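Visitor:
Residue numbers (our numbering): 14 to 168.
Written out as structure tokens, the structure reads:
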């Protein structure tokens, strides 16, 4: 796909995906060329934060592709946590990263369970309640990344 900006909310200088390669079932692929002027490059290598941001934007591009293919507005999302991240070596300037995103589980409806902390709980707010005293149902989707930027593209 030529226009990655149609799939993700980020804008320069923080765009960390160059190309959405494609999707097949629950697997999608993206590419990103590491260049020296990138804000996440230090000493000729992409930092761990930059790599995680690239992964997040790759996941966002997947969601963007699915929603635009169905003529629906792209939802914003966030990374709730990163667990067990292991890195053999940092990608170097001049290298191209090809990233595979495999969706193992999607969460929709209800609030999170199964060991992950709900954001209301994390920030110390009470759960929204329905009239019957049960937690309020709300749809949850992920499709953005962990860095907040302004509408004109700045951190």
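Just so you know, even glycine gets a beta-carbon here, dropped at the ideal spot from N, CA and C. Small disclaimer: the values here were computed from a predicted structure and weren't measured.
How is the beta strand (DSSP E) around residue 94 delimited, first residue to last?
Guide: Counting along the chain, residue 94 falls outside any beta strand (DSSP E), and DSSP gives it neither H nor E.
Visitor: How many angstroms separate the CA atom of residue 46 from the CA atom of residue 58?
Guide: 12 Å
Visitor: Please report the distance separating the alpha-carbon of residue 32 from that of residue 70.
Guide: 11 Å
Visitor: Name the DSSP beta bridge partners of residue 18, please?
Guide: DSSP, once it has assigned bridges, lists no residue as partnering residue 18.
Visitor: By a C-beta neighbour count over all protein chains shown, 10 Å radius and 16 as the cutoff for buried, is residue 82 buried or exposed?
Guide: exposed
Visitor: Within the chosen definition, does the stretch 15–27 reach the stretch 60–79 through at least 3 CB pairs nearer than 8 Å?
Guide: yes
Visitor: Identify whether residue 46 lies in helix, strand or coil by the three-state DSSP scheme.
Guide: strand
Visitor: Does DSSP put residue 108 in a helix, a strand or coil?
Guide: coil
Visitor: When you compare the CB positions of residue 109 and residue 42, do they come within less than 8 Å of one another, or not?
Guide: no
Visitor: Start and end of the beta strand (DSSP E) containing residue 33?
Guide: 32–37
Visitor: Could you check the C-alpha separation between residue 44 and residue 23 for me, to the nearest Å?
Guide: 16 Å
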